[in-house]
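Q: Sharing a structure, written as structure tokens. Questions coming.
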Amino acid sequence: MSKKYIGVDLGAWYSKKSKTSIVVLEDTGTELKINKIISKESEINCTYESNTEKLADYKIKNKRLIDCLLNEKGSNQTVIGIDAPFAIPAKLSNSTEEYYNLTHRSDTLKQHQNPYLFDNSARFVLNETKQTVLAPCATLVGSLTARMKHIVDEYNDTLNIICKPIDLEEHGISTIEVFPTATLYQLIKNKSQSLEYTYLERYTKNEEEDDFTKLISYKNDNWNDDNKDRMIALIESYICNLSDKIDEIKSDDDYDALICALTAYLVSQEDGYLKPSNEDLDKFTNSFIYIPSDKNIKNCHD
106 MSKKYIGVDL GAWYSKKSKT SIVVLEDTGT ELKINKIISK ESEINCTYES
156 NTEKLADYKI KNKRLIDCLL NEKGSNQTVI GIDAPFAIPA KLSNSTEEYY
206 NLTHRSDTLK QHQNPYLFDN SARFVLNETK QTVLAPCATL VGSLTARMKH
256 IVDEYNDTLN IICKPIDLEE HGISTIEVFP TATLYQLIKN KSQSLEYTYL
306 ERYTKNEEED DFTKLISYKN DNWNDDNKDR MIALIESYIC NLSDKIDEIK
356 SDDDYDALIC ALTAYLVSQE DGYLKPSNED LDKFTNSFIY IPSDKNIKNC
406 HD
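The sequence shown begins at 106 in our numbering and counts up one residue at a time.
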């Protein structure tokens with residue numbers, strides 16, 4: 106039986122544009138292919154009983170989203186990867202979760218050591234991939250966090266939302282937090298070194314010249330034909346019908362949703378994701394961001 110991997114680039118409730126994009130990948134056992142792309146949340150069509158419309162708008166919008174995801178799930182395994190903070194930092198919510206130490210770039214990113222701004226999962230991503238997750242409660246992303254928190258509260262059991270590092274293959278459905286930038290970094294660094302500078306640049310002029318770890322932007326005004334081709338080339342070896350679906354990838358939001366779905370696929374394989382050390386494993390109870398492992402990327406690529 107086929108398995109489904111769904112990527113969601115979640116938009117805020119009240120953004121002026123329909124920013125949420127959804128991509129469904131299907132693993133048939135012999136190939137991984139794009140099953141569906143929903144490039145705008147406004148394209149989600151669901152039927153409701155008349156009294157449903159009496160609910161507050163924010164509830165309606167999330168219910169439509171969840172109904173859509175459940176309608177797309179596979180008959181066997183389904184993993185949903187969502188690019189959105191699943192929780193506010195543990196310290197900010199008065200959690201007693203033990204602190205995960207930041208060991209990478211602490212000299213230039215001291216704010217990530219602040220437990221009221223960043224969770225253990227953000228520090229884990231920084232240590233493992235050198236990529237910086239946005240602070241969940243910052244102005245730029247706070248409304249997105251609020252929307253995702255409602256999904257966690259209302260649909261935790263329905264979606265089997267995972268907030269700690271576990272192997273995913275034993276679950277019929279599971280929903281995980283992913284970060285496309287970290288996945289892209291993993292894909293880039295496992296390709297030929299000659300391609301690195303096509304995708305990476307230095308964070309600051311003060312760093313070592315060979316410390317190219319920041320993704321060259323493909324988002325917003327930088328989403329054009331050249332950048333789209335560049336980013337598609339990075340993942341074309343993983344998805345068999347990608348060339349047939351290029352015209353349906355209309356925005357950087359669609360592309361990010363595709364990376365979310367690909368991440369869900371990669372981390373679901375055996376030894377598929379980066380795990381904290383055994384001594385740090387219990388420090389991730391509030392949230393955990395799944396990052397594809399080097400080993401699995403190479404195996405799937407080959």
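Positions of the beta carbon are idealized from the N, C-alpha and C atoms, including for glycine. The structure displayed is predicted, hence computed values, not measured ones.
(1) I'd like to confirm the pairing. Which residues does DSSP put opposite Thr183 in its beta bridges?
(2) Let me know if Leu367 comes out buried or exposed under the rule of 16 or more other beta-carbons within 10 Å of its beta-carbon.
(3) Run through DSSP, which three-state label would Ile344 get?
(4) For Asn199, which of helix, strand or coil comes out of DSSP?
(5) Alpha helix (DSSP H) containing Asn261: first to last residue?
(6) Report the residue from Lys319, Thr318 and Tyr370 whose alpha carbon sits nearest the alpha carbon of Ile340.
(7) According to DSSP, is Leu137 part of a helix, a strand, or is it coil?
(8) Skipping 5 residues on each side, what residues in its chain have a beta carbon closer than 8 Å to that of Gly179?
(9) Spatial neighbours of Arg335 within its chain, please: C-beta separation below 8 Å, excluding the five flanking residues on both sides.
(10) Ile256 and Asn199: beta carbons closer than 8 Å?
(11) Looking at the unbroken alpha helix (DSSP H) that takes in Glu233, where does it start and where does it end?
(12) Can you tell me where the alpha helix (DSSP H) with Leu174 in it begins and where it stops?
(13) Measure how close the beta-carbons of Ile354 and Ile142 come, nearest whole angstrom, since I'm counting them as under 8 Å.
(14) Helix, strand or coil: which one does DSSP assign to Tyr153?
(15) When you compare the CB positions of Pro194 and Phe223, do they come within less than 8 Å of one another, or not?
(16) Residues in its own chain within less than 7 Å of Tyr153 by CB, not counting five upstream and five downstream?
(17) Got a sec? Which residues, its chain only, sit under 7 Å from Asp316 by beta carbon, not counting five neighbours each side?
(18) Would you call the stretch 249–269 and the stretch 356–363 touching, i.e. three or more CB-CB distances under 8 Å?
(19) Report the option in Gln374, Leu115, Thr280 and Arg169 whose CA atom is closest to the CA atom of Ser98.
(20) Just reading off the alpha helix (DSSP H) that Ile364 is part of, what are its end residues?
(21) Suppose you measure from the CA of Ser155 to the CA of Leu174; what does that come to, to the nearest Å?
(22) In the DSSP assignment, what residue or residues form a beta bridge with Tyr378?
(23) Based on DSSP bridge pairs, tell me the residues matched to Ile354.
(24) Give me the Cβ distance between Thr318 and Ile396, rounded to the nearest whole Å; I'm assuming they're in contact under 8 Å.
(25) With Ile466 as the anchor, note down where its alpha helix (DSSP H) starts and where it stops.
A: Taking the definition as stated:
(1) Here residue 183 refers to the residue found at position 78 when the sequence shown is read from its first residue. Per DSSP, Lys109 and Ile278.
(2) By one-based count along the sequence shown, residue 367 stands at place 262. By the neighbour-count rule (16 or more Cβ atoms within 10 Å), Leu367 is buried.
(3) Residue mapping note: residue 344 aligns to position 239 of the sequence shown, counting from 1. If DSSP states are grouped into helix, strand and coil, Ile344 belongs with coil.
(4) Working through the sequence shown from its first residue, we reach residue 199 at position 94. Looking at Asn199 - three-state DSSP - the assignment turns out to be coil, as it is neither helix nor strand.
(5) Residue numbering aside, residue 261 sits at position 156 when the sequence shown is read from its first letter. First-last of the alpha helix (DSSP H) with Asn261: Thr244 to Leu264.
(6) By 1-based counting over the sequence shown, the position of residue 340 is 235. Considering only alpha carbons, the answer is Tyr370.
(7) Position 32 of the sequence shown, counting from 1, holds the residue named residue 137. Strand.
(8) For this step, residue 179 is matched to residue 74 along the sequence shown. Counting only Cβ-Cβ distances below 8 Å, and skipping sequence neighbours, we find Met106, Ser107, Lys108, Lys109 and Glu131.
(9) For this step, residue 335 is matched to residue 230 along the sequence shown. Thr303, Tyr304 and Tyr323.
(10) If you number the sequence shown from 1, residue 256 lands on position 151. If you number the sequence shown from 1, residue 199 lands on position 94. For Ile256 and Asn199, no; Cβs fall outside 8 Å.
(11) In the sequence shown, counting from the first residue as 1, residue 233 sits at position 128. Residues Asn225 to Thr234.
(12) Counting from one through the sequence shown, the residue named residue 174 turns up at place 69. Leu174 -> alpha helix (DSSP H) spans Asp162 to Glu177.
(13) For the purposes of this step, residue 354 is taken as residue 249 along the sequence shown, with counting starting at 1. For the purposes of this step, residue 142 is taken as residue 37 along the sequence shown, with counting starting at 1. The beta-carbon separation of Ile354 and Ile142, rounded to 7 Å, stays under the 8 Å limit for a contact.
(14) As a first step, residue 153 must be located in the sequence shown, where it is residue number 48. Its pLDDT being 47, under 50, Tyr153 is placed unreliably in this model, and the coordinates cannot settle the point.
(15) As a working note, residue 194 is residue 89 in the sequence shown. As a working note, residue 223 is residue 118 in the sequence shown. Yes. Within cutoff.
(16) Counting from one through the sequence shown, the residue named residue 153 turns up at place 48. Residue confidence for Tyr153 is low, a pLDDT of 47 falling below 50, so the modelled location carries little weight and cannot support an answer.
(17) Taking the sequence shown and counting its residues from 1, one reaches residue 316 at position 211. Arg307, listed in sequence order.
(18) Because the criterion of three Cβ pairs below 8 Å is not met, the stretch 249–269 and the stretch 356–363 do not touch.
(19) There is simply no residue 98 to check, as the chain begins at 106 and stops at 407 in what is shown.
(20) Here the question's residue 364 lines up with position 259 in the sequence shown. From DSSP, the alpha helix (DSSP H) with Ile364 extends over Asp357 to Val372.
(21) What you label residue 155 is simply residue 50 of the sequence shown in a count that begins at 1. What you label residue 174 is simply residue 69 of the sequence shown in a count that begins at 1. Low local confidence applies: a pLDDT of 46 at Ser155 is under 50, so the model's placement there is unreliable, and no value is given.
(22) As a working mapping, residue 378 is identified with position 273 in the sequence shown. Partner(s): Pro397.
(23) Taking the sequence shown and counting its residues from 1, the one referred to as residue 354 is at position 249. Answer is none; Ile354 lacks a bridge partner.
(24) Taking the first residue of the sequence shown as position 1, residue 318 is located at position 213. Taking the first residue of the sequence shown as position 1, residue 396 is located at position 291. At roughly 14 Å, the Cβ-Cβ gap does not stay under 8 Å, so Thr318 and Ile396 are not in contact.
(25) No information on residue 466 is available, as it lies outside the stretch 106 to 407 that the chain covers here.
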